[in-house]
Amino acid sequence: MSNLMIFWGLFDLFMLGILLYMPIMRKEEAFFGTKVSEETYSTVGRKIHTRYCIWLILSFIQIQVIGLIISFYRTDMPYARLVGLPIFVVAAMIFYVVFARQVKPFQVIEENQRFATSLKVRHLSDYTSIGLEILIGLTIIIPMLILIYYYPLLPDRIPVHWDWKGNPDRWAEKNFFSVFFLPVVMIYLQGLFWLIKYGMTQVKMMLPAEHTAEYLAAKEEGLRVTMSLMDQIRLLQSILFGGLSLNILSGILSGGFSIKWILGLVVVSDMFILLICAYNIYKMMKIEDRLKAIAGKTYVQRESDANQWYAGGLFYYNPDDPALFVEKMVGYGYTMNFANKQVYLYIGYGLLLPVGLALLGILGKL
Amino acid sequence: MFITIDEKDRRPIYQQVADEIKELIARGELSEGAPLPPVRQVAANLGVNLNTIATAYRELQREGFITVRHGAGAVVISTKVSNNEQDELRRPLRSALTQLVLAGLSSVEILEIVTQELRQLIQGGK
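Note that the protein sequences, when read in sequence, are chains A and B.
Quick note: to get my numbering, add 2 to the position in the first sequence (first position is 1).
Quick note: to get my numbering, add 207 to the position in the second sequence (first position is 1).
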């Protein structure tokens, strides 16, 4: 329990760090999502960012203290603390948008930019490793086969949820959903990742007409890093879900695995995801440094697109842009053009599971 | 392998795109059977209208360089101009030479430019 508290504390700190760093990730090229001059960035910009940091740190401390107080005085509510993170992220977003509005008046727009495009066709297969896919497939299929094998031996009432000490606190009737719930969710999530990976093969890559070859090489590498990050997360997720789905057997397999083992699995795999994310962010930073060394600047922004970014460069809505996936304005990686109709396909798929579960819940099937 | 467009160029954008692709074919960077990216992707990257790129692809298809199959995208099918009529081929050269003569360049200078450009075009490919 106390280990978990430390883990969540570290996780919260990691989030705080990212949110503090977010507006200055691309320096003056996208300061709070706005391109400003170098002078503005180092004078007024620095002051604005300092104020943003103070607000963020103060609210972080406040939310952490409230969380600690609750966890000391209400030991029956161990989950209360976890609510702090989403509250903090929402608060940080509000601060971010407020400060982004202060930066907007300093925007500079570069004229006469010329752009290039790569003519290489990227296929999903270029970003797929067969070995990894087999591994992921096994982490889904093997637990399913084990569950099918033990299905007749399971009692009519099976545990589906456990408290912090590892004692089941929620039970369900034995049926297809309660036993195979996690493997089904895993297959669904893999599908979502595949959909995103497919979309990302056609990502819009902004290339300046100067130093095009170097830019293209660096941006292709960036795409490769992002794709492999998604693969790594996919693998860790399927290992985690595979392990967790076997949890319901813990009661009938004597001397089998205990809940401690499963909790350890959760923490270790989450830690791994964090480490991998941090490592990939580091790799992306290296790529940006390389671009800066080659071309003297890290980011090119099309002047006609500059005002189609909303909420301080977090949200892109441009009906004139046929692209679906675009490079992020703030931070590394890719985001979507929400004016593109194909976004509905992704949102629809994303909502499939939550809506489906809610409907099943209403119908009393769960 | 990339193409560039220039707003200051007097040629229309679709023409620039078609010409750049033809240059890549001439240099051997795009060989027979090579696929071209979807119209949507090229248009997004260059920040131009979908129709502009579609027109460029249609132009290339009309000249017999590529085929645009529904669903499968565009593929290079020929690296040679289908029209082999000498007169037809000479016409663009004649108009380019006229421009150079009108610009007041001597025959020697014009020949040098032509040799230079030709060498660049051929040596450009690896």
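C-beta: ideal position from N, C-alpha, C; glycine also.
Rounding to the nearest angstrom, what Cα-Cα distance links G257 (chain A) and L134 (chain A) in this structure?
With a pLDDT of only 49 at G257 (chain A), under the threshold of 50, the placement of this residue in the model should not be trusted, and no figure is reported.
Nearest-angstrom Cα distance between D128 (chain A) and A279 (chain B)?
About 17 Å.
Does the beta carbon of R247 (chain B) come closer than 8 Å to any beta carbon on chain A?
Chain A, which has a Cβ nearer than 8 Å to the Cβ of R247 (chain B), makes this yes.
Between E175 (chain A) and the rest of its own chain, which residues show a CB-CB distance below 7 Å, the 5 nearest in sequence each way excluded?
Once the five neighbours on either side are set aside, the close Cβ partners of E175 (chain A) are D158 and R159.
Considering only residues of the stretch 157 to 201 of chain A, which uninterrupted beta strand (DSSP E) runs meet the minimum length of 3 residues and lie entirely inside it, listed in chain order?
Runs of the beta strand (DSSP E) inside the stretch 157 to 201 of chain A: 159 to 164 and 170 to 175.
Against chain B, does L293 (chain A) count as a neighbour if the rule is that its beta carbon must be under 8 Å from one of theirs?
So, not an interface residue.
Excluding the five sequence neighbours on either side, which residues of its own chain have a C-beta within less than 7 Å of the C-beta of G333 (chain A), listed in chain order?
M24 and M27.
DSSP state of P324 (chain A), grouped into three classes?
Coil.
Flag G278 (chain B) as yes if its beta-carbon sits less than 8 Å from any beta-carbon of chain A, otherwise no.
Not one chain A Cβ lies under 8 Å of G278 (chain B).
When you compare each of A:D307, A:L355 and A:F9 to V187 (chain A) by their alpha carbons, which one comes out closest?
Closest option to V187 (chain A), Cα to Cα, is A:L355.
Would you please verify whether the beta carbon of S379 (chain A) is less than 8 Å from any beta carbon of chain B?
The structure shown does not extend to residue 379 (chain A), since chain A is modelled only from 3 through 368, so no value can be given for it.
Using a Cβ-Cβ distance under 8 Å, would F317 (chain A) count as near chain B?
By this cut-off, F317 (chain A) is not an interface position.
What does DSSP give as the partner residue(s) for Y312 (chain A) in the beta ladder?
Y312 (chain A) pairs with A:F317.
For S306 (chain A), return the contacting residues in chain B, with the cut-off set at a CB-CB distance below 9 Å.
Simply G254.
In chain A, what lies closer than 9 Å to T211 (chain B) by C-beta?
Here the neighbours are R116, F117, A118, T119, L209, A211 and T214.
If we count the other Cβ atoms within 10 Å of its Cβ and call it buried at 16 or more, is K207 (chain A) buried or exposed?
One point to set straight first is that residue 207 (chain A) is Met, not Lys, in the sequence displayed. So M207 (chain A) ends up on the buried side.
Using a C-beta cutoff of 8 Å, does A325 (chain A) count as contacting chain B?
With 8 Å as the cut-off, A325 (chain A) counts as an interface residue toward chain B.
Taking only beta-carbon atoms, is L231 (chain B) less than 8 Å away from chain A?
Yes, L231 (chain B) lies at the interface with chain A (some Cβ there is under 8 Å from its Cβ).
If we cut at 8 Å on Cβ distances, does A225 (chain B) have a partner in chain A?
No, A225 (chain B) lies away from the interface with chain A (no Cβ there is under 8 Å from its Cβ).
For G258 (chain A), which three-state DSSP category applies?
The predicted position of G258 (chain A) is uncertain, since its pLDDT is 48 and thus under 50; a value taken from the coordinates is nonetheless stated next. G258 (chain A): coil per DSSP, three-state reduction.
Quick one, which of B:D226, B:I320 and B:G311 has its alpha-carbon nearest E266 (chain B)'s?
For the residues B:D226, B:I320 and B:G311, the minimum Cα distance to E266 (chain B) belongs to B:D226.
Apply the 10 Å Cβ neighbour rule to I63 (chain A) and answer buried if 16 or more other Cβ atoms are within range, or exposed otherwise.
Exposed: under 16 other Cβ atoms inside 10 Å.
To be precise: take each residue of the stretch 213 to 242 of chain A, compare its Cβ to all Cβ atoms of chain B, and keep it if any distance is under 8 Å. Which residues remain?
Flagged, chain order: T214, A215 and L218.
Against chain B, with Cβ distances strictly below 8 Å, would V345 (chain A) count as a contact?
It does not; no Cβ of chain B falls within 8 Å.
Three-state secondary structure (DSSP) at V205 (chain A)?
It is coil, neither helix nor strand.
Which chain B residues sit within Cβ distance under 8 Å of K206 (chain A)?
Q248, A251 and N252, listed in chain order.
For the pair the stretch 138 to 155 of chain A and the stretch 252 to 266 of chain B, tell me if three or more CB-CB distances fall below 8 Å.
Short answer: they don't touch.
Exposed or buried, M331 (chain A), counting other C-beta atoms within 10 Å across all chains shown (16 or more means buried)?
So M331 (chain A) ends up on the buried side.
Does any residue of chain A have a CB that is nearer than 8 Å to the CB of L384 (chain B)?
Nothing can be reported for residue 384 (chain B): it is not among the residues displayed for chain B, which extend from 208 to 333.
On the DSSP bridge list, what partners appear for L243 (chain B)?
DSSP output for L243 (chain B) lists B:A281 as bridge partner(s).
Which one or two residues does DSSP pair with I148 (chain A) in a beta bridge?
Its beta-bridge partners do not exist; DSSP assigns none.
Compare the C-beta of V91 (chain A) with all C-beta atoms of chain B and state if any pair is closer than 8 Å.
V91 (chain A) does not count as touching chain B.
In whole angstroms, what separates the C-alpha of A308 (chain A) from that of T42 (chain A)?
Cα-Cα distance, rounded: 18 Å.
Mind listing the chain B neighbours of V181 (chain A)? Cutoff is C-beta to C-beta under 8 Å, in chain order.
The contacting residues do not exist; V181 (chain A) stays about 40 Å from chain B at best.
Below 8 Å on C-beta distance, what does P242 (chain B) contact in chain A?
Residues of chain A passing the Cβ test: V123.
So what does S120 (chain A) bridge to, in DSSP terms?
Bridge partners of S120 (chain A): B:F209.
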